[in-house]
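A.B. asks:
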Amino acid sequence: ALFAARVLADVPQHVLAAAIMALIIYPMAGLNMGLHEWLLLNVGVMLVGAAVLQACGSLCYSFDEANVLAILVLSVAMLLSGSFVRVVPGWLGWIREISYLGLAGDLASYLEFRNSTLGDIRDLAQHGGIKVTTGEGAWTCVGVLAAIFLVARLVTFLGIKFLHTGRSFRE
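The UniProt record's numbering applies: residue 1 is where the sequence shown begins, and numbers increase by one.
1) Please check the pair Val132 and Tyr100, which I expect to be a contact at CB under 8 Å, by giving their CB distance rounded to whole angstroms.
2) Compute the Euclidean distance between the alpha carbons of Tyr26 and Leu35, then round it to the nearest angstrom.
3) Can you give me the start and stop residues for the alpha helix (DSSP H) that Thr156 sits inside?
4) Taking only the alpha-carbon atoms, compute the straight-line gap between Gly90 and Arg96 and give it to the nearest angstrom.
5) What are the start and end residues of the alpha helix (DSSP H) that includes Leu163?
6) Can you tell me whether DSSP reads Met33 as helix, strand or coil?
7) Going by other Cβ atoms of all chains shown within 10 Å of its Cβ, with 16 needed for buried, is Ala146 buried or exposed?
8) Kindly list the residues whose CB is nearer than 7 Å to the CB of Ser81, restricted to its own chain and excluding five residues on each side of it in sequence; keep chain order.
9) Return the chain-ordered list of same chain residues with a C-beta closer than 7 Å to the C-beta of residue 184, the five sequence neighbours on each side being excluded.
10) Leu107: buried (16+ other C-beta within 10 angstroms of its C-beta) or exposed?
11) Where Leu31 and Gly119 are concerned, what is the direct C-alpha to C-alpha distance, given to the nearest angstrom?
12) From what residue to what residue does the alpha helix (DSSP H) around Ser75 run?
13) With distances taken from CA atoms, which of Ile24, Ile71, Leu72 and Val11 is nearest Ala50?
14) Considering only C-alpha positions, which residue in the set Ala9, Ala125 and Ala66 is nearest to Arg86?
Written out as structure tokens, the structure is:
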């Protein structure tokens, strides 16, 4: 009950904040994708990001520890998203595949440029480092983001249950 209350208490705030941001940015940026796609993308990525950061917080005993872990996780996710480093080293390639910021960027790029008059999406992807070029790839991206969300929520539950309550698995 504590876990469900903690998670559900934050969700309306995250959805509202993401929706407001999306509604402000959409007309300012003059995006080609539909407003509904932009809104869903923003809300989804906000929820995934919040889940990841809550998982970081649940694994730590103090606010300072949680900040250090969150900074590390966000830095790695940002640096290996494809936006800062075009070519990720081979031994770190697996992180690029699960970087929720990289996946969000790829999904946003696909939605924005799939019907572009600038050229074929595959040509744009080749020069821009975008990994999603098909609808199937976009759905795969959504699936990976959903998996990250679920794993982060599971980690949060386990962290709260075992690290902060002092209970065993049987309780």
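Each residue gets a CB set at the ideal place from its N, CA and C atoms; glycine is no exception.
C.D. replies: Looking at the atomic coordinates:
1) Residue 132 sits at position 132 when you count from the first residue of the sequence shown. Residue 100 sits at position 100 when you count from the first residue of the sequence shown. Between Tyr100 and Val132 the Cβ distance is about 14 Å, and since that is not below 8 Å, they are no contact.
2) Counting from one through the sequence shown, the residue named residue 26 turns up at place 26. Counting from one through the sequence shown, the residue named residue 35 turns up at place 35. Rounded to the nearest angstrom, the two C-alpha atoms are 7 Å apart.
3) Looking up residue 156 in the sequence shown gives position 156. Segment Gly135 to Leu158, the alpha helix (DSSP H) holding Thr156.
4) The sequence position of residue 90 within the sequence shown is 90, counting from 1. The sequence position of residue 96 within the sequence shown is 96, counting from 1. Using only the alpha carbons, I get a separation of about 10 Å.
5) On the sequence shown, residue 163 is found 163 positions in, with the first residue counted as 1. Here Leu163 belongs to no alpha helix (DSSP H), and DSSP marks it neither H nor E.
6) Taking the first residue of the sequence shown as 1, we reach residue 33 at position 33. Met33: coil per DSSP, three-state reduction.
7) Taking the first residue of the sequence shown as 1, we reach residue 146 at position 146. Burial call: exposed.
8) Counted from its first residue, the sequence shown places residue 81 at position 81. Ser99, Leu101, Gly102 and Gly105.
9) In the structure displayed, the chain extends from 1 to 171; residue 184 sits before or after that span and is not available.
10) For the purposes of this step, residue 107 is taken as the residue at position 107 of the sequence shown. By the 10 Å Cβ count, Leu107 comes out buried.
11) For the purposes of this step, residue 31 is identified with residue 31 of the sequence shown, where counting begins at 1. For the purposes of this step, residue 119 is identified with residue 119 of the sequence shown, where counting begins at 1. C-alpha separation (whole angstroms): 16 Å.
12) Within the sequence shown, the letter at position 75 stands for residue 75. First-last of the alpha helix (DSSP H) with Ser75: Phe63 to Leu79.
13) Mapped onto the sequence shown, residue 50 falls at position 50. It is Val11 whose Cα lies nearest to the Cα of Ala50.
14) Sequence index remark: in the sequence shown, residue 86 carries index 86 (1-based). With distances taken between Cα atoms, Arg86 lies closest to Ala125.
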